[in-house]
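A.B. asks: Numbering (this note's numbering), first residue to last: 22 to 259. This is the structure, below, for whatever I ask next.
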Amino acid sequence: TEESDKYLGQIIHSGGVGRSAEATIEDRKGKIKGAAMEIKSIVETFQMQAMGGLETARVLWERALVPSLLSGAGTWIGDITKAEEMADKIQEFYWRVIFKVPESCPKMALRTEPSQLGMKWRIWMEKIFLLKRIKRQEEHSLCSQVYEEGKRMGWPGLGREISEICKVLRIPDLNDVDMPTEDIKKAINYHHWKDVREKMETSKKLQEIVADDFAKPQPYFNHKSIENGRMAFQIRSK
C-alpha cells in the first residue's frame, strides 16, 4: 500500500496529521527554492533595482511564495513542530539567497531585518482564518456540522487548537466570540516579536540591534542598489 497520496494540493500521509504537514512542506520545498533562485535573478536586473531590489524580493516572497508554501495550513492540526521548523528553514534559505550570505549568518537577523513572521505564527493565523471562514458558513453545511460536533465533544481538532492559541495570545477564545482581523494580527505580531527579542538577547552578534524596531523592514530595503542593501544587512548582522 502507498504511504502517502496527494489530495487538493496536500500530502495525506499514513503517519498521521503531523507527518502529513511535514510531507506537504517537503513536497513544496523544491519549487519554492527554485523560485527563490529565479527571484534573486529578477531583483538583480537593472529594472527591478530602479524599484528597490530588496523590497521587490520581500513583496514577491510575501505575496507569491508564502501563500504557495502554506496553502491549506489551517488544516495542519496536532504536533506540527517539525513542519514549522522545515518551513522556517525554507524562509531562512530564501533570505540567505537574496542577501547572498552564508549559512553561518544569524537566523534571527534573517527574520528581523526583512520583518518576517516565524512560520509557527503564520500557521496560527491560517488556522484562525479557516475558523472565521467556517463560522461564516450556513449552519447545515458539512464543515459547520463537523466543527460544531468537534467543539461540543471536545475532540482534538481546529476548535481545540484555536482555544490553545488564544490562551497564548491572551485574547478571547475565538470559538466563542468574533474579533477584528487587525486586532488578531496585532496580538500575533506582539507575541512573535516578544519571542524574537528574547532569543536575540542571547546572541552576542545581535546585541547592537536588539532594541531596533523590526515591525517593518529596515530602511535600506528601499535602496535602489541591491548591493548597497546587501552590504547594509551584512554590516548589521556580522
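Positions of the beta carbon are idealized from the N, C-alpha and C atoms, including for glycine. Just so it is clear, the structure is predicted and the values come from calculations on it, not from any experiment.
Is residue 27 helix, strand or coil when you go by DSSP?
C.D. replies: Your numbering for residue 27 matches position 6 in the sequence shown. Residue state, collapsed to three classes: strand.
A.B. asks: Check the C-beta distance from residue 42 over to residue 25 and give it rounded, since I have them as a contact under 8 Å.
C.D. replies: One-based indexing of the sequence shown puts residue 42 at position 21. One-based indexing of the sequence shown puts residue 25 at position 4. That pair is no contact at about 12 Å.
A.B. asks: With DSSP run on the structure shown, which of helix, strand or coil describes residue 256?
C.D. replies: For the purposes of this step, residue 256 is taken as the residue at position 235 of the sequence shown. Three-state DSSP puts residue 256 in a helix.
A.B. asks: Thinking residue 175 and residue 98 are a contact (beta carbons under 8 Å), I'd like their distance in whole angstroms, please.
C.D. replies: Here residue 175 refers to the residue found at position 154 of the sequence shown. Here residue 98 refers to the residue found at position 77 of the sequence shown. No, residue 175 and residue 98 are not in contact; Cβ-Cβ is about 14 Å, not under 8 Å.
A.B. asks: Checking the sheet assignment: what are the DSSP bridge partners for residue 183?
C.D. replies: Your numbering for residue 183 matches position 162 in the sequence shown. According to DSSP, residue 183 bridges with nothing at all.
A.B. asks: Looking at the strands, I want to know which residues DSSP matches up with residue 34.
C.D. replies: Position 13 of the sequence shown, counted from the first residue, corresponds to residue 34. Answer is 25, bridged to residue 34.
A.B. asks: Compute the Euclidean distance between the alpha carbons of residue 145 and residue 187, then round it to the nearest angstrom.
C.D. replies: Within the sequence shown, numbered from 1, the residue matching residue 145 stands at position 124. Within the sequence shown, numbered from 1, the residue matching residue 187 stands at position 166. In a straight line, the C-alpha of residue 145 is about 10 Å away from that of residue 187.
A.B. asks: Starting from residue 166, follow the alpha helix (DSSP H) in both directions and report where the run begins and ends.
C.D. replies: As a position in the sequence shown, residue 166 is number 145, starting the count at 1. Its alpha helix (DSSP H) spans residues 163-174.
A.B. asks: Residue 94 and residue 47 - do their beta-carbons sit closer together than 7 Å?
C.D. replies: In the sequence shown, counting from the first residue as 1, residue 47 sits at position 26. In the sequence shown, counting from the first residue as 1, residue 94 sits at position 73. Taking 7 Å as the Cβ cut-off, residue 47 and residue 94 do not qualify as a contacting pair.
A.B. asks: Grab me the residues of residue 53's own chain with a C-beta within less than 6 Å of its C-beta, minus the 5 sequence neighbours each way, in chain order.
C.D. replies: For the purposes of this step, residue 53 is taken as residue 32 along the sequence shown, with counting starting at 1. Correct list, in chain order: 86, 90, 111.
A.B. asks: How should residue 66 be labelled, buried or exposed, when 16 other C-beta atoms within 10 angstroms of its C-beta is the threshold for buried?
C.D. replies: Locating residue 66 in the sequence shown gives position 45, counting from the first residue. Looking at its Cβ environment, which holds fewer than 16 other Cβ atoms inside 10 Å, residue 66 is exposed.
A.B. asks: Residue 204 by DSSP, collapsed to three states: which one?
C.D. replies: Locating residue 204 in the sequence shown gives position 183, counting from the first residue. Helix, per DSSP.
A.B. asks: Since residue 131 is in the alpha helix (DSSP H), which residue starts that stretch and which ends it?
C.D. replies: As a first step, residue 131 is located in the sequence shown; it is residue number 110 there, counting from the start. Looking at the DSSP string, the run of the alpha helix (DSSP H) that includes residue 131 is 128-133.
A.B. asks: Please state whether DSSP places residue 46 in a helix, a strand or coil.
C.D. replies: Counting from 1 along the sequence shown, the entry for residue 46 is found at position 25. Looking at residue 46 - three-state DSSP - the assignment turns out to be helix.
A.B. asks: Going by DSSP in three states, residue 124 sits in which element: helix, strand or coil?
C.D. replies: Along the sequence shown, one-based indexing puts residue 124 at 103. If DSSP states are grouped into helix, strand and coil, residue 124 belongs with coil.
A.B. asks: How would you label residue 37, buried or exposed, when you count the other beta carbons within 10 angstroms and need 16 or more for buried?
C.D. replies: Position 16 of the sequence shown, counting from 1, holds the residue named residue 37. So residue 37 ends up on the exposed side.
A.B. asks: Closest to residue 84 by C-alpha separation, out of 32, 203, 137, would be which residue?
C.D. replies: Taking the first residue of the sequence shown as position 1, residue 84 is located at position 63. Residue 84 has its Cα closest to that of 137, out of 32, 203, 137.
A.B. asks: Distance check for residue 252 and residue 241, CA to CA, integer angstroms please.
C.D. replies: Residue 241 sits at position 220 when you count from the first residue of the sequence shown. Residue 252 sits at position 231 when you count from the first residue of the sequence shown. Cα to Cα, the separation comes out at about 9 Å.
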